[in-house]
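Protein chains in written order, with our numbering: chain A, 2 to 212; chain B, 4 to 397; chain C, 157 to 341; chain D, 429 to 740.
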Amino acid sequence: MFKKSLNTEDTLENAGLTVEEQQLFSNARPQAYEPYPIKAVEDFANWARANSLWILAFGTGCGAIEMRPLMTARFDANRFGVAGRPTPRQSSVFVIGGYASVKTLKRIVRSYEQMQGPKFVIALGICPVNGGMYFDSYNTVNRFDQYLPVDLYITGCMPRPEVLVAGIMELQKMIKAGKCNGANRYVDNFDWYKANQKKVIKNWDMPDYNW
Amino acid sequence: MTSLNRHTLTGHSAALDFSQPEPVDLSSGKYVKLWQGPQHPGITGNMSLELTLEGDTIIGCKTHVGYLHRGFEKLMERRTFIQNFTVVCRIAVPEPTFNEYLYSHAVEELSGIEIPDRAVWLRTLNLELMRLASFLMWIGGQSGAFGMYTVPNWTLSHRDFVLDLFEEMTGARIYHMYIVPGGVRAGLPEGFEKRARDVMDSTEKMLGQVERVMFNNAVTKARSRGLGIIDPEMIDPYGIVGPNARACGVARDLRKDEPYLAYDQLDFDIITGHDCDAYGRAWQRLQETRQSIDLIRQCLDRMPVDGPFQADMPNVLHWKVPAGETYVKAECTRGEYGYYMVTDGSEYVRRVHVRGPSYTHAIAVMERLAVGCNIADIAGLMVSLHTYPPEIER
Amino acid sequence: MNEKTLNTMLEKLKQEFDISDIVEHKPRLTTFTVSKQHAETLIRELRDREAYTHLNFMTCIDYIEDGIFSLVYMLHNYGKKHSLGVHVNISRNGEEVFSIHTLWAQAWTYQRELREMYGIRFTDSPRLDEDFCLEGWDQIPPMRREFDTKKFSHERFGHREGRSSEVPREHMKVQLYPNRGGDEE
Amino acid sequence: MIYQSLGEWFDKIGNFSLTLLIVTVYGLLMGAFIERIIAKVQGRIGIPYKQPFINVLKNIFKRTAISHGIMFYLGPVFRIAGGIGTLAFIPVIFGSETFSNFSTAGDLFLVIYFMFFGQLGMALGAGESGHPYSAIGVARGLSQMTAYEVPFALAVVAIVLQYGTLSINDIVAAQQGGWQHWTMVTNWPATLAAMLAFLGMTGYSPFDIFLAPQEIPIGPPTEFHSAYLGLLQLNRALFGATKLILFMNLFFGGATGWPELMLKTWLIYMVAIVVGVAFPRYRVDQGIRFFFKLPTLIGIMSIIYVQMVLTA
Chain A
2 MFKKSLNTED
12 TLENAGLTVE
22 EQQLFSNARP
32 QAYEPYPIKA
42 VEDFANWARA
52 NSLWILAFGT
62 GCGAIEMRPL
72 MTARFDANRF
82 GVAGRPTPRQ
92 SSVFVIGGYA
102 SVKTLKRIVR
112 SYEQMQGPKF
122 VIALGICPVN
132 GGMYFDSYNT
142 VNRFDQYLPV
152 DLYITGCMPR
162 PEVLVAGIME
172 LQKMIKAGKC
182 NGANRYVDNF
192 DWYKANQKKV
202 IKNWDMPDYN
212 W
Chain B
4 MTSLNRHTLT
14 GHSAALDFSQ
24 PEPVDLSSGK
34 YVKLWQGPQH
44 PGITGNMSLE
54 LTLEGDTIIG
64 CKTHVGYLHR
74 GFEKLMERRT
84 FIQNFTVVCR
94 IAVPEPTFNE
104 YLYSHAVEEL
114 SGIEIPDRAV
124 WLRTLNLELM
134 RLASFLMWIG
144 GQSGAFGMYT
154 VPNWTLSHRD
164 FVLDLFEEMT
174 GARIYHMYIV
184 PGGVRAGLPE
194 GFEKRARDVM
204 DSTEKMLGQV
214 ERVMFNNAVT
224 KARSRGLGII
234 DPEMIDPYGI
244 VGPNARACGV
254 ARDLRKDEPY
264 LAYDQLDFDI
274 ITGHDCDAYG
284 RAWQRLQETR
294 QSIDLIRQCL
304 DRMPVDGPFQ
314 ADMPNVLHWK
324 VPAGETYVKA
334 ECTRGEYGYY
344 MVTDGSEYVR
354 RVHVRGPSYT
364 HAIAVMERLA
374 VGCNIADIAG
384 LMVSLHTYPP
394 EIER
Chain C
157 MNEKTLNTML
167 EKLKQEFDIS
177 DIVEHKPRLT
187 TFTVSKQHAE
197 TLIRELRDRE
207 AYTHLNFMTC
217 IDYIEDGIFS
227 LVYMLHNYGK
237 KHSLGVHVNI
247 SRNGEEVFSI
257 HTLWAQAWTY
267 QRELREMYGI
277 RFTDSPRLDE
287 DFCLEGWDQI
297 PPMRREFDTK
307 KFSHERFGHR
317 EGRSSEVPRE
327 HMKVQLYPNR
337 GGDEE
Chain D
429 MIYQSLGEWF
439 DKIGNFSLTL
449 LIVTVYGLLM
459 GAFIERIIAK
469 VQGRIGIPYK
479 QPFINVLKNI
489 FKRTAISHGI
499 MFYLGPVFRI
509 AGGIGTLAFI
519 PVIFGSETFS
529 NFSTAGDLFL
539 VIYFMFFGQL
549 GMALGAGESG
559 HPYSAIGVAR
569 GLSQMTAYEV
579 PFALAVVAIV
589 LQYGTLSIND
599 IVAAQQGGWQ
609 HWTMVTNWPA
619 TLAAMLAFLG
629 MTGYSPFDIF
639 LAPQEIPIGP
649 PTEFHSAYLG
659 LLQLNRALFG
669 ATKLILFMNL
679 FFGGATGWPE
689 LMLKTWLIYM
699 VAIVVGVAFP
709 RYRVDQGIRF
719 FFKLPTLIGI
729 MSIIYVQMVL
739 TA
């Protein structure tokens, strides 16, 4: 479906790659998806998506510490259909655990782009909002929403597991209402997001979109 | 081939061979380069390992850190002393208290502040509770790394009960900001002692079950015996500290060797082991968890119930600490945690260096022990060294 | 460690090496400065002869006003329970320094970090030029005093409106005691 | 079997579709039930019963998908073909014309081949995904499969010798008339060997190294997503239940009605769960060594037992 499409009009440059590597990676642009034409089907799909949230197991920052109580016996998020998933291909929720350093941001972008839509981003803590404690740090980004579309913020330092549960339920409500279209926003404003990412990540040695 | 068997050799020469493994020819098709992490569930925290494989065997390992680098040492240079104390606990998320204590202690030492007796005991209690919480998480992590998900659920739920105690004591679950320069922020609430004792009892009972299920388990033994053997000769040249060293029979514990806070008034012995492998280290930590419970009980018994918990302090907004230099350290869960602080008499600190034990455990030691391991054992080995990346890169 | 043995040791070292600024900060911590020429031999001597076998850490202090970096090697003697801080002053402009990666296994990691954070080069230190914490760093090394992290952060990462001050004194002056007009005492 | 007319064929296919549906739904439900039992041991509540269904639906409703090549498409298809094929030749309910599927003489051979077929197809698909963890997972999975197939094959040979037939239907028929006629009683060494092999087949600890999330994130299906993963999940439920039905037929006297089938298969599954919650996982070399030692020995013993005791 998204085979390599060289020599067409609307492709990505992949300028960060060597000529050899450019042959290996797809340079197709991501595409937005429309909701299903029948509303009942879309609602049903949204209900299924909301009740089966698979979180990518990527502890990007200190927020990961409260994910463990959340997933284990005390708070047991499995009750709400939340499960951890070790590979981005199969996950649908990316939990940004607090601050994102530049080195991690690159991996976050990679992992996020490998996730299959519809996909949702929850940002934990105050750091992704405005930098939090690290507003003046030379290695952490201040506004996370410039780099990836965020669907839901859960602020605080640390957000407690109860808040995480509340946030997950809020996300479920939003998905059921069909309001979580971060993946489409990312595609629609793709060039803006890419420009922001490239402004920060200086050694861009990966394809422009990681299929 | 010598690099393959390096870790099995004994003798001084082998321990002192710090040479980097020879780069291999990847184009030969004989080797595979494999990245574990940072997005990988088997990695402790956010770091990555660059492994070179020959079949199932690892012939080269490089640790990559820096995914959590926030530049704390730089940030602290441009914050006043009282602002810093809210920042330091963020350095190591599983054990923030040790950062708070060491930072406060360094500042107190440089400015000559004596803290009241009750604050000393409250700090000791806080540190021991933190040790217990961290060990409980570690036991779960080690068990999970070998693929058994029953034990992590048990230990993490009990860790949560300890966090509840923290919440009563300090108002927060993770970042307490409880130990401030000059003492602590609050005393104990009503009925805390009884609830703490209840948690200790239930945790002790749970540890007995963990011992039966995880430690007396044929498969755990098959997986962890002989994995990641630390040669006792390696301890000084590699700077191995804490339970990793004590499991090799080296009786070094800062709580006993250079007592700080109220540790000289508590009854305990240094626990040592004799198995230098992953199983020995796990056993060592289980015993230290029990010791920690015992120390918490002793603290509750002997703690003064009233009295001031905060020394008289100057106006902290104008606080200038006299010029000086000090290195303070404490025994955290993984070994020697230290703060090196240089002040120049101004409102800002001149230089802080945070020394975390993972700095050597996760890089120099890990890179050496991984060589010759099976790919399946990497997660178990890494957890068994008890590494936390945030204290490496800060 | 009792004072007598410490003094004997320091006297002995003084005769052999160029040592100055001996300060005893507390009974368990003494620091001194040694010239760069003697430092490597001294550290090796301390490790092999005086049983300071444990390298607590190695770091650097930037004295920008004097134009020097002060390297700090913190050594620990487990038997005597005594730490010794060895300062080595080097100039700030790209002076190459000896490496201690043959003495301790973790030393090259510290040196790699110092190369990245201060731009100090250590002779023959392995993997010195590999990235440690930073990736794609295109500025002056960040731990140098002249690097303004807040300015850099605002320029590169932007900032969200709403955060006005990060100095508590200024904040309290304006927000909490507006009537006093800046007179806080 | 030769069918009289086309109409009979359609009947047969219709009946099989019904069986397929019931077994798949039962497999998914039992998955949730087992997860809840595991959760209880761990002190949790666990997933809702509808969760496996929602997971499959969610994956099918994913809006984007990428491909790594033709084999990548075919991997899950082969996998589920293996699952359906296995079920197709197993008589599910003894004595019922509707639920006897395409069971015929010699179907035991066919079933054992089909059990391999899905795994191999999956291996090809996972191989094309190009992910190193998939490759490692496939290598581990296939080598472990080779190991546990040895005691299982020995046990099957033993009961084939015992009953003198290769038809599952006949084997079940021979076990009718009370629990004392079950293979579990008459040929206990073969049952023991097969149950030990069963631990390896289910993919619970200690033999879940091929999908160990701590080392190789999820193993062979690392790259599979969206509808591919939905298919794999459906197959996991179907194939899991099918294996249980096969074991029930071969060793535990089959079932004459759905309630009996559900009770028996659940009890058989519980064997794997009881072991699974209490053990970490073996490394693949340790797992293989395990199967080649005691279970294989018991398997050989069972053949000797059949030859010396039962048929003597």
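Built from N, CA and C at the ideal position, the CB exists for glycine as well.
Are the segment 75-82 of chain B and the segment 291-306 of chain C in contact at 8 Å, needing three or more beta carbon pairs? yes
How should Phe81 of chain A be labelled, buried or exposed, when 16 other C-beta atoms within 10 angstroms of its C-beta is the threshold for buried? buried
Tell me whether Tyr771 of chain D is buried or exposed, calling it buried when 16 or more other Cβ atoms sit within 10 Å of its Cβ. Residue 771 of chain D lies beyond the residue range present for chain D, which begins at 429 and ends at 740; the question has no answer from this structure.
Verify the CB distance criterion: does Gly17 of chain A have a CB-CB separation below 8 Å to chain C? no
Would you tell me roughly how many angstroms separate the C-alpha atoms of Val734 of chain D and Trp610 of chain D, rounded to the nearest one? 14 Å
Name the DSSP beta bridge partners of Cys216 of chain C, please? C:Leu227
Check whether the Cβ atoms of Pro150 of chain A and Arg186 of chain A sit closer than 8 Å, and answer yes or no. yes
Exposure label - Asp304 of chain B; buried when at least 16 CB within 10 Å: exposed
Give me the DSSP bridge partner(s) of Met344 of chain B. B:Thr329 and B:Val355
Proximal residues to His161 of chain B (C-beta, below 8 Å), its chain only, five neighbours per side dropped: Leu139, Val202, Ser205, Thr206 and Met209
Residues of chain C with CB under 9 Å from Lys77 of chain B, in chain order? Met273, Pro298, Met299, Phe303 and Thr305
Just checking Ser27 of chain A against the ligand SAM - is the residue's beta carbon closer than 7 Å to any of the ligand's heavy atoms? Absence of the ligand SAM is noted for the structure shown, with no ligands found whatsoever.
Going by alpha carbons, who is nearest to Ser309 of chain C out of A:Met175, A:Ile155, A:Ser93 and A:Tyr139? A:Tyr139
Minimum C-alpha distance to Leu755 of chain D - residue among D:Phe444, D:Ala467 and D:Thr593: Because chain D in this structure spans residues 429 to 740, residue 755 of chain D falls outside the shown range and cannot be described.
Hey, which unbroken runs of the alpha helix (DSSP H) at 4 residues or more fall wholly within the segment 62-108 of chain A? 68-72
Given 8 Å, three or more beta-carbon pairs between the segment 158-173 of chain C and the segment 369-389 of chain B: no
Distance, His364 of chain B Cα to Lys200 of chain A Cα: 35 Å
With a cut-off of 8 Å, do at least 3 Cβ pairs link the segment 175-187 of chain C to the segment 288-299 of chain B? no
Nearest CA to the CA of Val154 of chain B: which residue from D:Tyr632, D:Pro617, D:Gly569 and D:Gly471? D:Gly471
Beta carbon proximity, Val374 of chain B to chain D, threshold 8 Å: no
Measuring straight from C-alpha to C-alpha, what distance separates Arg228 of chain B and Phe718 of chain D? 17 Å
Can you find the residues in the same chain that come closer than 7 Å, C-beta to C-beta, to Val613 of chain D, ignoring five residues on each side of it along the sequence? Trp607
Is any beta-carbon of chain B found at less than 8 Å from that of Gln714 of chain D? yes
Which residues of chain D have a Cβ atom closer than 7 Å to the Cβ of Gln117 of chain A, listed in chain order? Lys490, Thr492, Ala493, His653 and Ser654
I need the boundaries of the beta strand (DSSP E) containing Tyr154 of chain A, first residue and last residue. Leu153 to Ile155
Beta-carbon gap between Gly132 of chain A and Gly99 of chain A smaller than 8 Å: no
Let me know the secondary structure DSSP gives Lys33 of chain B once reduced to three states. coil
Extract the residue ranges of the alpha helix (DSSP H) inside the segment 242-329 of chain B, only unbroken runs of 4 or more that lie entirely within it. 246-249, 257-260 and 281-305
Cβ of Asn8 of chain B within 8 Å of any chain D Cβ: Bear in mind that a pLDDT of 39 at Asn8 of chain B, under 50, signals an unreliable position, so the number given afterwards is only what the model happens to contain. No, Asn8 of chain B lies away from the interface with chain D (no Cβ there is under 8 Å from its Cβ).
Could you check whether Ile177 of chain B and Ile176 of chain A sit closer than 8 Å to each other, using their CB atoms as the reference points? no
Are the CB atoms of Gly292 of chain C and Asn204 of chain A within a distance shorter than 8 Å? yes
If Thr390 of chain B and Thr47 of chain B are in contact, beta carbons under 8 Å, what's the gap, nearest whole angstrom? 5 Å
Please classify Asp280 of chain B as buried or exposed, where buried requires at least 16 other C-beta atoms within 10 Å of its C-beta. buried
Assuming Leu198 of chain C contacts Phe173 of chain C (C-beta within less than 8 Å), just tell me the rounded distance between them. 5 Å
Determine whether the Cβ of Phe230 of chain A lies closer than 8 Å to any Cβ atom of chain B. It is not possible to answer for residue 230 of chain A, since the shown part of chain A is limited to 2 through 212.
Less than 8 Å between CB atoms is the rule here; does Leu384 of chain B satisfy it with respect to chain D? no
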